[in-house]
Amino acid sequence: MADLLDRVLKGKPGFERDLVERYTARLLQVARRQLPERIRGRLDPEDIVQSVFRSFFGRLKGGEFSFEDSHDMWRLLTVMTFHKVQNSIKHHQRGRRDVRREKSSEDDKEAAIPEPTPGPEDVAILYECLERLLGDLPDEYRAIVTLRLEGHTIAEVAKKVSYSQRTVLRVLGNVQAQAIKQLEPTS
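With the numbering used here, letter number 101 in the sequence shown gets 85, and the count goes up by one each step, no holes.
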């Protein structure tokens, strides 16, 4: 630890990386403990720690710090992290950007509009379209479409109707094209 302090004070190459590696995990813990959950949705604790290191290295090069031991450096980084978190909290609780004004996801779930469910008339129209579509198909193709609509995989359908998977896909593609033609408005 004394070696690191010596390298920091003398500005030896690579000291920045060693300092970051040594203190990042602990500073992240400090930032996470101090940063409220709602603000963490907007600001990651890693952003705070990066800002701390940016300020620290800038001020260190400016000669603003002197350390007697490495504990002084840890204390300074911890205090800087604490103040950065507090400033971020104040920033995210001011005026129109106040995070407390946002609705939580729980509020959104309660206010969500339910998905419309198909009514009996919709189901009748669907069955009518399916009957018209399937009525024009050969029996083998009708079996492929029916099995697929029942939720079978392409491989299962191919095995049950004794066709290759490629043939099953081709048949389904042709049926889909026919269905689209039926749904197109006639002019």
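Cβ coordinates follow ideal geometry from the N, Cα and C atoms, glycine included. A quick note: this is a predicted structure, and the numbers were derived from the prediction, not measured.
N-terminal and C-terminal residue of the alpha helix (DSSP H) that residue i is part of
i, result
"F(-1)", "F(-1) to Q18"
"L187", "This structure does not reach residue 187, given that the chain is present from -15 up to 171, and the question cannot be answered."
DSSP-derived helix/strand/coil call for residue i
i, result
"D82", "coil"
"S146", "coil"
"F66", "helix"
"S50", "coil"
"R59", "helix"
"Q77", "coil"
"K(-4)", "coil"
"E21", "helix"
"R(-9)", "helix"
Any non-hydrogen atom of the ligand NAP within 7 Å of residue i CB
i, result
"L117", "Among the components modelled here there is no ligand, and therefore nothing to report on the ligand NAP."
Hey, is the region 142 to 155 in contact with the region 100 to 113, meaning 3+ C-beta pairs nearer than 8 Å?
Verdict: no, contact absent.
Touching by the beta-carbon criterion (3+ pairs, under 8 Å), the region 106 to 118 and the region 49 to 59
Result no; under three Cβ-Cβ pairs closer than 8 Å.
Tell me, please, whether the region 62 to 81 touches the region 16 to 29 by the rule of three or more beta-carbon pairs shorter than 8 Å.
Yes, the region 62 to 81 is in contact with the region 16 to 29.
Can you check the region 103 to 160 for any beta strand (DSSP E) of at least 3 residues that lies completely inside it and give the ranges in chain order?
Listed in chain order, there is nothing to give.
Check whether the region 152 to 168 and the region 133 to 142 are in contact - that is, three or more C-beta pairs closer than 8 Å.
With the cut-off at 8 Å, the region 152 to 168 and the region 133 to 142 touch.
Cβ contact (3+ pairs, closer than 8 Å) linking the region -13 to -4 and the region 29 to 43
In this structure the region -13 to -4 does not touch the region 29 to 43; the number of beta carbon pairs closer than 8 Å is below three.
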